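Novice: Going by the working numbering, the final residue of the sequence shown carries number 453, and the count climbs one at a time with no gaps.
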Amino acid sequence: MAKVIVVTSGKGGVGKTTTSASFASGLALRGFKTVVIDFDVGLRNLDLIMGCERRVVYDLINTVNGEATLNQALIKDKHCSNLFVLPASQTRDKDALTEAGVEKVLKDLIEMGFDYIICDSPAGIERGAVMALTFADEAIIVTNPEISSVRDSDRILGIIQAKSRRAQDGFEPVKEHLLVTRYSPKRVVDGEMLSYEDVQEILRIPLLGIIPESESVLHASNQGNPAIHLDGTDVSEAYKDVVSRFLGEEVPLRFSAYDKPSFFKRLLGGK
């Protein structure tokens, strides 16, 4: 049975679309037929990170309005043959998204045999965000380890619990996962950011993983290459760990502790 997973946050700029691209890619690399949908109508970014912006002909709004079929709108990923992208529109208004239209698109994707449908939600609580979470079976809450981001994530959790179709229909609630991004153990030790334990203590949802702070994420995004494909980097390994944990595998938590440089390394100029 297909699962609909929303990747969401209360605040913009926390790495949500980067996470959507890498998480969807990771599932596809594990052999699952996966589609990732950009719900940020008017501010399309997912296709840029996935490196398929020049291949966009039809988009989510075209399919919702019946102006194009899913076969016309879906773009096959250049890295994984079983990964597809459904881009957002840059020219339409967010009000063009209707609950009935989104529900039909999701049902059609399920009938096409997709194992996972990843919904890249806009930040906050505007229409695109609500549409993305309405039909979710599971939610990945992306937050940075700083208090304003965590506070806004807490608000999103309340919205999921109140407005998801599962909540409205009295079914088992949406399964929630916490993903802490842009994490720097050194800055935690220096008191410049919250620890992942602090974040989890505030939000009270299971930790799916930690994504370390890294400039390689920006370079990958600029090249249209999801960070999970940056083999040998901490970010790539962290996203692979996230996918493994999501699939129920026992994986040690990495990139969470600060290894203080030795005296001799500091003497030689190490940090």
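Every residue gets a Cβ at the ideal spot worked out from N, C-alpha and C, and that includes glycine. Quick caveat, the model's predicted, so the values are computed rather than measured.
Do R237 and E257 count as a contact pair if the criterion is CB distance below 8 Å?
Specialist: The question names Glu, yet the displayed sequence has Ile at residue 257. Yes; because the gap between Cβ atoms is below 8 Å, this pair is in contact.
Novice: Report the start-end ranges of each beta strand (DSSP E) in the segment 261–337 that is 3 residues or longer and not cut off at the edges.
Specialist: 265–268, 298–302, 320–325, all fully within the segment 261–337.
Novice: Report yes if the C-beta distance between V186 and A318 is below 8 Å; otherwise report no.
Specialist: Yes, the Cβ-Cβ distance between V186 and A318 is below 8 Å.
Novice: Can you give the Cα-Cα distance for I396 and S263, rounded to whole angstroms?
Specialist: Note on identity: in this sequence residue 396 is Ser, with Ile being the wrong assignment. Cα to Cα, the separation comes out at about 28 Å.
Novice: By Cβ distance, which residues of its chain are closer than 7 Å to D241, with the 5 residues on each side in sequence left out?
Specialist: Excluding positions up to five away in sequence, the list reads A255, P269, A270, S271.
Novice: Which residues mark the beginning and the end of the beta strand (DSSP E) in which E358 is found?
Specialist: Here the beta strand (DSSP E) through E358 covers 357–365.
Novice: Would DSSP call K185 helix, strand or coil?
Specialist: If DSSP states are grouped into helix, strand and coil, K185 belongs with the strands.
Novice: Would you mind sorting D334 into buried or exposed? The rule is 16 or more other CB atoms within 10 Å of its CB.
Specialist: Buried.
Novice: Could you tell me if G295 is buried or exposed, where buried requires 16 or more neighbouring beta carbons within 10 angstroms of its beta carbon?
Specialist: The residue is exposed, with fewer than 16 neighbouring Cβ atoms inside 10 Å.
Novice: Quick check: what's the CA-CA separation for L464 versus N244?
Specialist: Since the first and last residues shown for the chain are 183 and 453, residue 464 lies out of range.
Novice: Need the endpoints of the beta strand (DSSP E) that T216 sits in, please.
Specialist: Element bounds for T216: 216–220.
Novice: Got a sec, what are the start and stop residues for the alpha helix (DSSP H) G456 sits in?
Specialist: No information on residue 456 is available, as it lies outside the stretch 183 to 453 that the chain covers here.
Novice: Is the Cβ-Cβ distance between A321 and H261 less than 8 Å?
Specialist: Result no, Cβ atoms of A321 and H261 do not sit closer than 8 Å.
Novice: Using DSSP's beta-bridge definition, name the partner residues of I392.
Specialist: According to DSSP, which records beta bridges pairwise, I392 is partnered with V362.
Novice: Which residues does DSSP list as the beta-bridge partners of T190?
Specialist: Per DSSP, I323.
Novice: Between the alpha carbons of N227 and Q350, how many angstroms are there, rounded?
Specialist: Using only the alpha carbons, I get a separation of about 31 Å.
Novice: Provide the residue span of the alpha helix (DSSP H) that contains G416, from first to last.
Specialist: The amino acid occupying residue 416 in the given sequence is Asp; Gly does not appear at that position. From DSSP, the alpha helix (DSSP H) with D416 extends over 416–428.
Novice: To the nearest angstrom, how far is it from the Cα of L339 to the Cα of I387?
Specialist: Answer to the nearest angstrom: the Cα atoms are 9 Å apart.
Novice: Which of the three DSSP states, helix, strand or coil, is assigned to I243?
Specialist: Three-state result, I243: helix.
Novice: Could you pull out every residue in the same chain whose Cβ sits closer than 6 Å to the Cβ of S366, ignoring the five residues on either side in sequence?
Specialist: Within the same chain, S366 has close Cβ partners E395.
Novice: In the DSSP assignment, find the alpha helix (DSSP H) that holds A349 and state where it starts and stops.
Specialist: Its alpha helix (DSSP H) spans residues 347–351.
Novice: Name the two residues that bound the continuous alpha helix (DSSP H) containing Y378.
Specialist: First-last of the alpha helix (DSSP H) with Y378: 378–385.
Novice: On the CB-based measure, 16 or more other CB atoms within 10 Å of its CB, does V312 come out buried or exposed?
Specialist: When all chains shown are included, V312 counts as buried.
Novice: Counting Cβ pairs closer than 8 Å, one from the segment 204–212 and one from the segment 412–428, do we hit at least three?
Specialist: Because the criterion of three Cβ pairs below 8 Å is met, the segment 204–212 and the segment 412–428 touch.
Novice: Between which residues of its own chain and I410 is the CB-CB distance below 7 Å, once the five residues before and five after are set aside?
Specialist: Counting only Cβ-Cβ distances below 7 Å, and skipping sequence neighbours, we find S204, S207, G208, S418, Y421, K422.
Novice: Is the beta carbon of T201 sitting closer than 8 Å to the one on V189?
Specialist: It is a contact, given that the beta carbons lie within the stated cut-off.
Novice: Please tell me whether A492 and I292 are closer than 8 Å, where the distance is taken between their beta carbons.
Specialist: Because residue 492 is not part of the residues shown, which for the chain are 183 to 453, the question remains open.
Novice: Count the other CB atoms within 10 Å of the CB of Y298; is the residue buried (16 or more) or exposed (fewer)?
Specialist: That one is buried.
Novice: Give the single residue among S303, L376, L315 whose Cα lies nearest to the Cα of I329.
Specialist: Of the listed residues, the one whose Cα sits closest to I329 is L376.
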